[in-house]
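Offset between the sequence shown (1-based) and the working numbering: plus 3. Each residue gets a CB set at the ideal place from its N, CA and C atoms; glycine is no exception.
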Amino acid sequence: MLKTLFEVHEMARNEIIEQSKCRILSLKPEKNMPIIRLLGHLVQSYPYLMLEHASRLKELLDYFVFMHGKVATHLVAALVPLIKLSRDLRDYTILVVRKAMFRREDAVRLSATNAIFNLILADKEAKREGSFSFQDTSSQASCSQHAEIPCIMDGGLFQELRGLLQRCLHQQAEIKEVMYHGLLKLVLADPSCGGPVLDFLLPHFRCFFKEDADVQLEISRCTKSLSGNVVIEEPLDALMSCVSSILLLQPHGKADCPDSSRPYFSFSLSQENELGSDLSRESFSNAFLKIQKFLKKINLEDFMSRIQGDSLASVQEEKRKCCALILAGILEVVVNTIATRLNNATDIEKVDLEKELVGFVNLHESLEKDLCTRLSTGIKRGNLRATAPAPGMASNIEPGNNRVTQERIPYLTTSSLCQLMQTALKLCNTECSKTIAASQHHSQLSSSKPVTCLKIMAFILNHSLHHIKSYQTVAKENPLRTLIYGEIKLMGPPLLKLIFLLKSGKKLVTDEKKKEKRIKDEDRKGYLHLALLCMKELVTISLQNPHLTGLLEDLVSVSTLEYPELDDKYEEASRIDDQHIRIKQLFVVKVLKPLFSELLAQSYFHELEIISDMLLVIGEKLPRKQRNSHGAWSIHVCKSNVIKNSKAARSVVALAISLSSPPTDLIVAQDMAKELLKVTGSETSNTEEVSGSHSIINQSTSTSIISCIQKLIEAIIVDMDWAIKKLNIFTLVSQKSIHFSQNEERITGLEYENNLYSRAEAVVKVLSCFVSMNLKEPQAEHLLRLTAKFYKHVAQMSRLRIASKGCKQLVPSLAFQKLVELTCKQLTVPLYDFVAEMQREQENANSKCTANKIKRENKCIPDLIYQIEDCEKYLIQLSKVSKINLLRHAKRSTSRDFKIIDSRKIITEEDEPNHEPACHAAATAENGPPESGDNEGNESDKVLSSQSGSPLSEEESASDGENGGALPHAKRVKRDRVVLDSDDEAQS
């Protein structure tokens, strides 16, 4: 709407810009982003209209140094299209950024660094689009700058701002990483800038690389001690990753280049016009070759000892961990380049490269202990790696005190990881062949061979998991996303092959000692878990991004699993017309279900949980027919398989209920709740070890399954809240339809209403089973909260049945009457017993550990009692106006206060005759004189609200009669809040 106003009404433009400026400067950072997005849309859609307000935008830029870092960065990014059109606005932004670079605050300098590269990239994009002449807005100063155009256009903003970028090289590590990423984006936008960028970085790189020294990498200079803490000052791994990627992006040179300038890491040297660029490129290539040779023969312990120096022991340890982190990143860069070379290498070269690869992976593994111990310390780094959870990896480290979160770009690309997976498969097959040959000749296999395969597999899977998880954190418009991630779906087929290999385990079994074999089996199981996590993340990404739908088709084509029981399902899925549905169905039938069955047979329960999650994610995307089919299969699994692992059982039960469409889902939940009642036992029945009809329900899994069903019921109750709001609309339409004879609307609302009531009935049946169980503390407390929410919704439904003034009162439908009757009989009555039992346990509990439990339950119980009373209050009102006693099946308790009164506190029998009349008078005063219809057949009951004197009570009294008696004092009513039995109950 604001965009339309900006376009159509000229008078509104000034106000929109002014209000946007004021709100950006006054609101909190998280509330500023929608306004900045609005400015971005206006700039994109109406750039020339926005140029008319350049003066206001300059005023906004004046506050750049006072803004939150994230807000300042996004503001400049939103104004980039305007900056490409106006030289005056561009120069003013440069002036603002220059001032910001000299500020003391780290976040301001970080935002300024981001803004610098936004300006440089905008300049490159303007040249590429042909927008060489910037439009001058209004100031004469901008006209005087036309003489500067040739020098700016010849060298570009990169050369103009080179001095400012040079200052970034002496800032904190996080600012340097932002600069390295920005330089890489610059080369991606304009490959001809590769030479100048390398010239710019070479002197800085030589500060940490000594060509003729014994220790060529001076990693110790990358850290410094600050206030007793060791911090990383130079992210040398990020610098090397930037340089290696720039070399990769350079044009390929001639094939007959001399050995001294041969391509390094598959990067070819190209001839440039400037000699300095050639020298920088050659210097970096030679330096990287020497670093690779140095790392091949490095003695890690001796190298790390030299780094530590002679400082205090605590400082030495911290410095060692920081340097280990940097060295691990450098090794990842080297592994990435070797994997890139494997793509085009000959068979002979591949053998040597694979040996180098295994050596660097082993070295990387040696650093894992240092990186693991670093997790529990407070080492600071500007932009630490926020990655997927992988045991013992540097990527586990969470960000430190980042003020502006930056995207962590992995060092390994998608193509490199795919190549590494292929190499791991090849090594495993080779080791398998050697194992078989050795067993045939009764010779003992060297123990180093299987370790080689397992170590490289651990490295690959850990980094693959980090790679896939970080894919969603990198913005789509980020140029590095295409460079690093590329076609991420290519990881699917080799990853699935690794899963099949790890699942079988045959190729990794050797004739070793039992202890060593057991350790390797545990490692293999852990790697299978990692591989399945990678697959789960990859499948989730493919379902969220339409352009990645080909992943499932590739996985189906790779699968070699055979499961004869699913052949009919496979043929049926192949005949589905819709391609997207067919691929999902085929993936479930041909890949996931066979994997599920094999893992279940091998008792791989943690891995089974991951497969269940994938089945659930894909099943929810399928139509009702296919989803119900998978739900029926899951129900069969629950009935026929004994699973003792609680987490796996919970995931399978969630799968069975979630993939069953309503009303089948709650029928399944009710059946399971009945079996849980038999296993957990109640006051009147003993416990069973295993359920007779559902083998998955046993003593080991009952608690987790109860929590699972309660969680699903909670989701349904939350949905009921939305449904009741929609029912309110139908109710108004229905009431008016009676008045105006609009029968079609009434029929639609009635169908919706009946569906809601039937859904609520099913919830009552499930909750009634839980109320009868012997539940433990968390489940019992959760049940109290669920029932309180449910009674609140029933009260809302009852209130909607009461016609408003001027509308005819409708008789409650049979579905609603059935719901109320079922709630009173199966839920309310046993619920009071359940609460009383909980109170008795509180009295008998003397341990201090139960104090918190009692406090929580003392909060839940009063809320539950209030919701029950509030629900019955509206039911009584509805009974009066509809002449139908809806509470005829309700059981009356002697007290409806905010606590369950102990038997020792009950009023003695001799005081009861004097107490009842007062209570009766209070009830009469609140509810008003009864109507004639209420006394016939005892169809109404007199109930006191739990909050006499509240607005609800006054509203109730007014609805009962205009001339109702005066209310008693609130304190007296609270003391005498008692519900009287009806005549029928008194006679019984």
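Original post:
Does DSSP classify T340 as helix, strand or coil?
Top reply: helix
Subject >> Identity of the residue in K34, N121, S885 nearest E480 by Cα >> reply: N121
Subject >> Segments of 4+ residues assigned as alpha helix (DSSP H) that fall wholly inside the region 596–645 >> reply: 596–604, 608–622, 627–643
Subject >> Proximity to Y869 [Cα-Cα], best of L825, N888, R788, S562 >> reply: R788
Subject >> P567 classed as buried or exposed, judged by whether at least 16 other C-beta atoms fall within 10 angstroms >> reply: exposed
**OP:** Sort out for me which residues DSSP pairs S248 with in a bridge.
**Re:** The partner list for S248 (beta bridge, DSSP) is empty, contrary to what the question assumes.
Subject >> Collapsed DSSP secondary structure at A926 in the structure displayed >> reply: Since pLDDT at A926 reaches only 40, below the 50 mark, its modelled position is unreliable, and no value is offered.
Original post:
Three-state secondary structure (DSSP) at I412?
Top reply: coil
Subject >> Alpha carbon of P37 to alpha carbon of L60, nearest angstrom >> reply: 17 Å
Original post:
Mind checking whether Q820 and L889 have CB atoms under 8 Å apart?
Top reply: yes
Original post:
If you count every other CB in all the chains shown that lies within 10 Å of the CB of I732, and 16 or more means buried, which is it?
Top reply: exposed
Original post:
Around the Cβ of I351, are there at least 16 other Cβ atoms within 10 angstroms (buried) or fewer (exposed)?
Top reply: exposed
Original post:
Where DSSP assigns a beta bridge to N701, which residues make up the other side?
Top reply: V693
Original post:
Around the C-beta of Q547, are 16 or more other C-beta atoms found within 10 angstroms, so that it is buried, or is it exposed?
Top reply: exposed
Subject >> N-terminal and C-terminal residue of the alpha helix (DSSP H) that V234 is part of >> reply: Taken as a continuous stretch (DSSP letters only), V234 belongs to no alpha helix (DSSP H), being part of the beta strand (DSSP E) at 232–235.
Original post:
What are the boundary residues of the beta strand (DSSP E) that T226 is part of?
Top reply: 226–229
**OP:** State the DSSP-derived secondary structure class of L1, mapped to helix, strand or coil.
**Re:** In the structure displayed, the chain extends from 4 to 991; residue 1 sits before or after that span and is not available.
**OP:** Take E335 as the anchor and find which of L360, N346, V318 has the nearest alpha-carbon.
**Re:** L360
Original post:
If you drop the 5 nearest sequence neighbours on each side, which residues of the same chain put their C-beta closer than 6 Å to that of K650?
Top reply: E612
Original post:
Using the C-alpha atoms, what's the distance from H470 back to V190?
Top reply: 23 Å
Original post:
What is the DSSP secondary structure of L172, reduced to helix, strand or coil?
Top reply: coil
Original post:
Which residues in the same chain have their Cβ closer than 6 Å to the Cβ of A129, if we skip the five residues on either side of it in sequence?
Top reply: K87
Subject >> First through last residue of the alpha helix (DSSP H) which encompasses V671 >> reply: 667–683
**OP:** Taking only the alpha-carbon atoms, compute the straight-line gap between L822 and K647 and give it to the nearest angstrom.
**Re:** 37 Å
Subject >> Neighbourhood of F599 by C-beta, 6 Å cutoff - its chain only, sequence neighbours within 5 removed >> reply: I614
Original post:
Excluding the five sequence neighbours on either side, which residues of its own chain have a C-beta within less than 7 Å of the C-beta of E691, listed in chain order?
Top reply: K681, V682
Subject >> Beta-ladder partner(s) of F212, from DSSP >> reply: L220
**OP:** Taking only runs that begin and end inside the region 46–107, name each unbroken alpha helix (DSSP H) of 4 or more residues, in chain order.
**Re:** 50–54, 57–64, 72–86, 90–104
Original post:
Where does M4 fall in DSSP's three states?
Top reply: coil
**OP:** With L564 as the anchor, note down where its alpha helix (DSSP H) starts and where it stops.
**Re:** No alpha helix (DSSP H) contains L564, which DSSP labels as neither H nor E.
Original post:
If you draw a straight line from the C-alpha of C225 to the C-alpha of Y573, how long is it?
Top reply: 58 Å
Subject >> W636, buried or exposed, once every other Cβ within 10 Å from all chains shown has been counted against 16 >> reply: buried
**OP:** Have a look at L63, E108, L113, A110 and flag the residue whose alpha-carbon is nearest the alpha-carbon of T96.
**Re:** L63
**OP:** Enumerate in chain order the residues of its own chain whose CB-to-CB distance from E21 is below 7 Å, with the five nearest sequence positions on each side excluded.
**Re:** R59
Original post:
Out of curiosity, what's the CA-to-CA distance linking I621 and N346?
Top reply: 34 Å
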